[in-house]
Amino acid sequence: MTRLGDLERAVMDVLWDQKPGNGVTVREVAEALRDRGLAYTTVMTVLDRLAGKGMVEREREGRAWRYRPAASREAHIARLMLDALDLAGSRDAALIRFARSVTGTEAEILRAALAEEAAGGVPESAPAGGATAGPTNDRAEVPPPAPERQV
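232 is the number that this note's numbering gives to position 146 of the sequence shown; each next residue is one higher, with no gaps.
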């Protein structure tokens, strides 16, 4: 399970909030997080570690690297939820407890996503309330867990 520390999460939020495309440089991430007063080298180290964890992809552009998320925020959260289920003594009990804790709107989103999955169809529109259920088969988008790094 790739759990993120506070600083890693802040960096990933910057990447996830960018428009898909070219990615961002260390300098651009540092600028987005300027209110934290982080050194350029700190941001560079965090991005390097995130790349090592498989959370970001990077591509050389001249002398700089451009970073982009390896998966969407939603796919990452889905992976964390699935990993948490694996820790449960009883997946069924954990799922039941989770289902009983969601709001009515969230339950409707889950019902719609499950119905679409069962039908093998593609959603035509977002559920009520403006929320999006995401891809029909989120499992295809959820990246496999990154290998554990040896320190």
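Every residue gets a Cβ at the ideal spot worked out from N, C-alpha and C, and that includes glycine.
At least 9 Å separates the beta-carbon of V132 from that of V110.
Here the C-alpha atom of V115 lies approximately 12 Å from the C-alpha atom of D121. Shown here for R159: same chain residues with a beta carbon closer than 7 Å to its own, the five before and five after excluded, namely W102 in chain order. The three-state reading of DSSP puts V97 in helix, counting H, G and I together. Beta bridge pairing from DSSP links V188 with no other residue.
Judged by DSSP secondary structure, A150 falls within the beta strand (DSSP E) whose first and last residues are A150 to P155. Non-local C-beta neighbours of R177 in its own chain, meaning closer than 6 Å and more than five positions away in sequence, comprise L171, ordered along the chain. Rounded to the nearest whole angstrom, the C-alpha separation of R89 and T127 is 22 Å. As the crow flies, the alpha-carbon of G175 is around 13 Å from that of I182.
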